[in-house]
Amino acid sequence: MTTEDFRSAKNIATFYPPQRILMGPGPSDTHHRVLSAMARPTLGHLDPVFANMMEEIKDLLRYAFQTKNKMTFSVSGPGSVGMEMCFVNMIEPGDKVVVCRNGVFGSRMIENVERHGGVAVVVDDKWGEPVDPQKVEDALKQHPDAKILAFVHAETSTGVLSDAQTLCELARRYDCLTIVDTVTSLGGSPIKVDEWGIDAIYSGSQKCLSCPPGLSPVSFSERVTNLVKNRKTKVHSWFMDIGLLLGYWGSSTRTYHHTAPTNSLYALHESLVMLYEEGLERSWARHRRNHEAFKAGLATMGINYVVDEQYRLPQLNSVYIPDGVDDKAVRDRLLADYSLEIGAGLGDFAGKVWRFGLMGTSSRVENVVMCLNALETVFS
Ligand code: PLP
């Protein structure tokens, strides 16, 4: 197609997105400080000034994850790449992995185990319930040869928080390493990598860190580093092999591995600076406070939560759609009239559940009040 033909067939110009309020399961609103950071001049990914900033990202991530792990950095890819990086590096063909499934992302972990040649021992819990430590212990007893325990800390498809500390203690007792998904919990709920003894952890930039999507913070214990060093087979991915990546993220003499997304990393840096300025404890408390206010408002409308109070994620409010209410019509109206995005139900919960995110910058009193008002108007 010639340029002339293309121009006359398509009328494409600069894209200007509308200003939305993002109260779905992620991405959350990006703070203007983070957006401005992204718009600063692009540096080469081996520029010494950029390399210094990468060191700060590593320090800030160690703070966010509460770890001293040397191998803590940001993967150039969304949360799913962080997930895959853990599995592809830690599994060798035939390895047994106990995987907990209580929502969509536990199922994705099983896919990862199987695609990388492992054998998944699945521990199922009902959607909307946390992982049951007793079932996990039974599986670990039954499979003493299991090498890894994998579970999702904050299941975004249901809004449930599992007890990562207890699950990691169990894994240690049965001589297993752990892979923990904290895509929705990092910054919004307490995570203590060293204290809880987590071995491999991954998250996402777009939820409680309020950074644009596309980056996945990860951290690996020394036990993982040793495991990867002593593999009998090559890691089945060039891009995700942590041994190779360390030449770029891990050493002071950085060597080319891939072209890092420099401007996105400025954004991550700024969002982590904001988290550090606020302080983890205050960020967790803010997420809880806004959840409590939102919950009180929903109660006046007779809207019920999916998850029992003690296991609820403050940053992801999963509620049953009231009887007789048209799921899509309500979501469409919120978007059209209020520029407000909320989340639909996923998988088994499609059409039955709404998911209201109060994550990162989106976790604000103004959003709570505006969303409750909007719902009341739409229902009346
Ligand atoms: N794990 C959980 C718990 C998630 O909520 C998500 C995304 O929503 C992912 C993994 C995958 O992250 P991404 O969509 O950034 O690839």
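The sequence shown begins at 648 in this note's numbering and counts up one residue at a time.
For each residue, glycine too, the CB sits at the ideal point set by N, CA and C.
Going straight from the alpha carbon of residue i to that of residue j, what length do you get?
i, j, result
"G775", "S965", "9 Å"
"A656", "M648", "10 Å"
"K794", "G724", "26 Å"
"Q781", "P859", "38 Å"
"F886", "G944", "47 Å"
"S930", "E924", "10 Å"
"N951", "V807", "14 Å"
"V743", "I659", "Inspection of the sequence shows that residue 743 is occupied by Lys rather than by Val. So the alpha carbons of these two residues sit roughly 51 Å apart."
"N736", "D779", "27 Å"
"T813", "P665", "44 Å"
"L994", "E651", "This sequence places Gly at residue 994; Leu is not what is there. Cα-Cα distance, rounded: 45 Å."
"G926", "G835", "11 Å"
"R1011", "M921", "15 Å"
"T1008", "R933", "10 Å"
"E928", "A811", "18 Å"
"R969", "F1003", "The residue asked about is misnamed: residue 969 is Pro in this sequence, not Arg. Approximately 15 Å between the Cα atoms of the pair."
"G971", "E784", "42 Å"
"S850", "S866", "9 Å"
"L787", "R820", "9 Å"
Could you tell me if residue i is buried or exposed, where buried requires 16 or more neighbouring beta carbons within 10 angstroms of its beta carbon?
i, result
"W1001", "buried"
"I668", "buried"
"A684", "buried"
"M948", "exposed"
"D979", "exposed"
"N937", "buried"
"N1014", "buried"
"T677", "buried"
"V696", "exposed"
"N877", "exposed"
"P791", "exposed"
"T831", "buried"
Skipping 5 residues on each side, what residues in its chain have a beta carbon closer than 7 Å to that of residue i?
i, result
"C815", "T825, W843, G844 and I845"
"N759", "M730, E731 and F734"
"R901", "L693, A698 and Y895"
"I757", "V746, R748, A767 and V769"
"G998", "D974 and G992"
Residue i CB to nearest chain B CB: under 9 Å?
i, result
"A946", "Although the question refers to chain B, the structure presented lacks it and comprises just one protein chain."
Please go through the same chain and pick out, in chain order, the residues whose beta-carbon is closer than 6 Å to the beta-carbon of residue i, but skip the five residues on each side of it.
i, result
"Y985", "A1021"
"Q853", "G673, P674 and P860"
"L708", "T719 and P864"
"S918", "V681, L856, S857 and C858"
"A644", "This structure does not reach residue 644, given that the chain is present from 648 up to 1027, and the question cannot be answered."
So residue i packs on residue j, CB below 8 Å; how close in whole Å?
i, j, result
"T689", "T909", "6 Å"
"L963", "A711", "In fact, because the Cβ distance is near 18 Å, the residues do not count as touching under 8 Å."
"L862", "S721", "5 Å"
"Q713", "V840", "6 Å"
TODO: Only counting runs of 4 or more residues, tell me where the alpha helix (DSSP H) segments fall wholly within the region 911-997, in order along the chain.
DONE: List check, alpha helix (DSSP H) in window: 927-947 and 974-985.
- [ ] At 4 residues or longer, and completely inside the region 748-777: list those alpha helix (DSSP H) runs for me, N to C.
- [x] The region 748-777 contains these whole alpha helix (DSSP H) runs: 751-762.
Open item on the list: So within the region 703-741, which uninterrupted alpha helix (DSSP H) runs reach at least 4 residues, ignoring any that extend past its ends?
Closed with: You should have 726-737.
TODO: With a floor of 3 residues, list each beta strand (DSSP E) that falls wholly inside the region 835-877, ordered by position along the chain.
DONE: Runs found: 847-849 and 862-867.
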